[in-house]
Each structure stands twice: as structure tokens, then as C-alpha cells.
Amino acid sequence: MQSIKAFVITILSITIISCGNSNTQKSSLSITTDAKNNVVSLGETLKLSIKNPKGVEISSVNYTLNGATVSETFKLDDALLGVQTVTAIVNTGDVSEEIKTNITILNNQSPKVYGYKIINEYPHDITSYTQGLEFYEGVLYESTGQYGESKLRKVDYKTGEVLQNKAIDNQYFGEGLTIMNDHIYQLTWQENMGFVYDVNTFEKTSSFTYGKSKEGWGICNDGTNIYKSDGTEQIWLLNPETLVEDSKLQVYTNKGKIVGINELEYVNGKIYANRYQKNGVAIINPKNGAIEGVIDFSPLHNLVTQHAGLDVLNGIAYNPETKTLFVTGKRWDKLFEVEVFEK
9 MQSIKAFVIT ILSITIISCG NSNTQKSSLS ITTDAKNNVV SLGETLKLSI
59 KNPKGVEISS VNYTLNGATV SETFKLDDAL LGVQTVTAIV NTGDVSEEIK
109 TNITILNNQS PKVYGYKIIN EYPHDITSYT QGLEFYEGVL YESTGQYGES
159 KLRKVDYKTG EVLQNKAIDN QYFGEGLTIM NDHIYQLTWQ ENMGFVYDVN
209 TFEKTSSFTY GKSKEGWGIC NDGTNIYKSD GTEQIWLLNP ETLVEDSKLQ
259 VYTNKGKIVG INELEYVNGK IYANRYQKNG VAIINPKNGA IEGVIDFSPL
309 HNLVTQHAGL DVLNGIAYNP ETKTLFVTGK RWDKLFEVEV FEK
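Structure follows, in C-alpha cells:
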């Protein structure tokens with residue numbers, strides 16, 4: 009039991025965030041809450057009030073949480089996790105004033121711990137610095153990184169044979185990939201650029217810039233929405249038509265935020281994500297950003313050929329035909345097919 013607790017602490021390395029009032033006010037009015045340090049958990053009730061040290065006569069107050077109307081006292085049932093904005097429109101006579109404060113919303117449950125069973129081991133190119141991995145119509149696709157080495161590949165996962173290969177220009181560091189409606193979406197790291205390819209020909213059909221996020225790390229889709237990580241605790245939702253970053257999730261546990269969110273895979277209604285430099289995977293609720301489970305894959309690192317260029321686990325792909333998960337790592341010579349179960 010101690011080893012399980014140690015792993016949860018190691019993979020998550022949580023950080024509590026305390027958010028005070030962030031107002032730039034015209035008056036002395038401010039929003040206060042009954043939550044210690046403005047930190048509250050899902051399922052709890054939050055009470056809002058206006059601090060009015062000068063005794064200004066207030067005729068009405070209207071509150072919103074991220075733009076949605078809330079009452080003075082409300083329960084946090086379906087809220088997004090992370091740092092969220094409470095706004096109050098305060099009417100004092102003929103004057104209307106807008107004031108804001110931040111609250112931090114945590115999950116109300118600790119992550120469950122999952123184990124795994126190895127079903128099969130397959131060969132994997134030991135030179136591939138794996139960044140993205142995904143099955144599409146029964147075939148495995150892979151994106152790899154490093155300047156001068158980045159590529160897009162179609163692979164026979166059982167033999168390791170490369171069926172199709174496209175080198176990326178040397179100025180780009182390849183990152184994650186996802187495939188939807190016969191289009192491959194591939195990220196680059198710090199070049200603020202993503203590419204779209206035809207899945208059959210690997211012909212580049214368009215490109216897109218990130219906008220609000222600074223980097224590209226992992227990407228996945230649920231058939232409608234596209235999710236993109238940037239190495240922080242944030243997962244961005246991209247408009248499937250314009251690829252603009254419309255909104256975001258913040259990845260949190262019941263203790264605090266989790267940074268370094270990297271390669272993503274959408275699996276049966278959840279986002280599976282590895283954390284950079286950690287040989288584990290977090291299971292994330294895409295509705296609110298809550299980490300609901302963790303999988304410790306660290307033993308797999310010792311089952312591959314040990315060499316100078318060997319790096320961490322990176323590469324998660326779910327095969328809907330076998331209903332199993334496939335994982336590998338940067339410059340690993342094996343691809344593992346596993347079944348995941350709750351401990």
C-alpha cells in the first residue's frame with residue numbers, strides 16, 4: 009500500500025494554488041467567499057458576498073462564474089476544475105460596477121490506482137523518438153520528434169514494418185498526432201505550428217497556428233472535439249473546423265494542479281495522458297479536467313533494451329478492435345499491448 013501511495017505522489021507532484029482577489033477596482037468594493045484561500049472542491053457549497061468597507065448603498069448584485077449566472081450561495085456540481093473567475097455586477101444607484109475574483113476548484117475524490125497486464129510485445133523502431141501514437145481503422149500511426157529526425161509514419165504494429173513514411177522539415181520538432189475524418193493532425197513543439205495531412209497519401213493539405221498556447225505537446229480527439237496539451241496543466245479544445253483554441257480544461261486532482269501533461273489518447277470517454285518525464289499515465293475526465301485515475305507503467309522501462317539514447321515512456325494508443333492499450337517510449341525497441349484494470 010505504501011508503494012501505491014508513493015507512486016501517486018510521484019506521478020502527480022501536486023501543487024496547491026491559493027487565489028486571492030484579482031480586482032482592478034474603481035472603488036473599495038470586492039468579492040469575498042467563505043472558502044479558505046478561495047479554494048473549494050466539487051460538491052461543496054460556496055457563499056459569495058460583497059465587501060463594502062465604506063458602506064456604499066448597494067441596490068443589487070448579480071454574480072456569474074465563468075459567464076454563467078450563479079446565486080449568492082451555490083453548489084459546485086458540474087464546474088470546471090482549476091482557477092476560475094467569479095464576476096459581480098454591483099449596482100449602486102445609477103452606477104454599475106464590475107468586480108472580479110478568482111477561485112480554485114479541486115476535484116472531490118483522490119485518483120484511483122490502476123494496474124496493467126501485458127498481453128503482447130511487438131517490435132518498435134529503437135531510433136524513433138516517439139511523440140504521438142494512434143490507431144485509425146486498425147492501422148497504427150506514429151509521430152516522432154527531434155530536429156532533423158521528426159517524421160510521420162504508418163506502421164504494421166505486429167511486425168514493426170514501416171508502411172508509409174514522411175520526413176518533417178528539419179526546422180520542426182514533431183510532437184503528437186491524432187486522426188479524424190481521414191485527416192491527420194500533427195503538432196510541432198515550439199514552432200507554433202500544426203500540420204494537416206490526408207491520411208491515405210500523407211499529402212500536407214493545410215497548417216494551423218496555436219493562438220493562446222505557446223507550445224504543442226499531445227493531441228487526441230473524441231470524434232467531434234480535438235484536445236491539445238501544451239506542457240502545462242492546460243488541455244485546449246480546438247474548433248474542429250478552424251482549429252482555433254476555443255476553450256480549455258485545467259488538469260487537477262483533489263489536491264492541486266498537475267503540470268507537464270503530454271501525449272494524449274481518447275479512450276472510452278476519458279483522456280489518457282502521460283506526464284513528461286514520468287513513466288505513468290493519468291486518466292482525465294474531459295468534462296471538467298479531473299484526474300480520476302493513474303497507471304504506473306514504470307516497470308516497462310526495464311523490459312526494453314537499455315542503451316545510451318533510451319528515454320521515458322511516451323506513446324499511448326487504444327485499439328478499439330482489440331479493446332487494449334498499446335504503449336511505448338522514446339527510443340524503445342518494444343511496443344507493449346496491455347490490459348488495464350483497477351487495483
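Taken in order, the sequence shown gives residues 9 to 351; the numbers are from this note's numbering.
Glycine residues also receive a C-beta, built at the ideal position from the N, C-alpha and C atoms.
Because the structure is a prediction, the values reported are computed rather than measured.
Proximity to residue 147 [Cα-Cα], best of 195, 117, 309, 327: 327
What are the boundary residues of the beta strand (DSSP E) that includes residue 232? Segment: none, residue 232 is in no beta strand (DSSP E) and carries neither H nor E.
Supposed close pair residue 193, residue 202 - CB separation, criterion 8 Å: 6 Å
Using a Cβ-Cβ cutoff of less than 6 Å, which residues in the same chain neighbour residue 290 once the five nearest sequence positions on both sides are dropped? 281, 299, 302
Do you know offhand how far residue 106's Cα is from residue 184's? 41 Å
For the beta strand (DSSP E) containing residue 337, name the first residue and the last one. 332-337
Excluding sequence positions up to five away, which residues of its chain have a Cβ less than 8 Å from the Cβ of residue 239? 223, 225, 267, 268, 269, 270, 284
Taking contact to mean at least 3 C-beta pairs separated by less than 8 Å, is the stretch 111-126 in contact with the stretch 58-65? no
Comparing C-alpha positions only, which one of 36, 55, 50 sits nearest to residue 42? 55
Quick check: residue 279 and residue 235, are their CB atoms within less than 8 Å of each other? yes
State the Cα-Cα distance for the pair residue 44 and residue 346, rounded to the nearest angstrom. 43 Å
Excluding the 5 residues preceding and the 5 following residue 155 in the sequence, name in chain order all residues of the same chain whose CB lies nearer than 7 Å to its CB. 178, 181
Okay, do the stretch 251-267 and the stretch 89-101 touch, 3+ Cβ pairs below 8 Å being the bar? yes
Contact set for residue 220: own chain, Cβ-Cβ below 6 Å, skip 5 residues either direction: 253
Spatially closest choice to residue 132 from 306, 167, 108, 98, by CA coordinates: 167
Residues that residue 60 bridges to, as DSSP identifies them: Its beta-bridge partners do not exist; DSSP assigns none.
N-terminal and C-terminal residue of the beta strand (DSSP E) that residue 181 is part of: First-last for residue 181: undefined, no H or E at that position.
Would DSSP call residue 309 helix, strand or coil? helix
At the level of alpha carbons, what is the spacing between residue 315 and residue 73? 51 Å
On the premise that residue 207 lies in contact with residue 144, defined as a C-beta separation below 8 Å, what is that separation, rounded to the nearest angstrom? 7 Å
How would you call residue 150, buried or exposed, if buried means at least 16 neighbouring beta carbons within 10 angstroms? buried
Tell me whether residue 46 sits in a helix, a strand or coil according to DSSP, three-state version. helix
Identify, in the order they occur along the chain, each residue of the same chain with its Cβ nearer than 7 Å to the Cβ of residue 186, setting aside the five sequence neighbours on each side. 142, 193, 227, 228, 229, 234
Which of the three DSSP states is assigned to residue 194 in this structure? strand
Within a Cβ cutoff of 8 Å, which residues of the same chain sit near residue 128, ignoring the five residues on either side of it in sequence? 344, 345
Just checking my contact of residue 5 with residue 95 at CB under 8 Å: how many whole Å lie between their CB atoms? The first residue shown for the chain is 9 and the last is 351, placing residue 5 beyond what the model contains.
Expressed to the nearest angstrom, what Euclidean distance is found between the alpha-carbon atoms of residue 319 and residue 342? 13 Å
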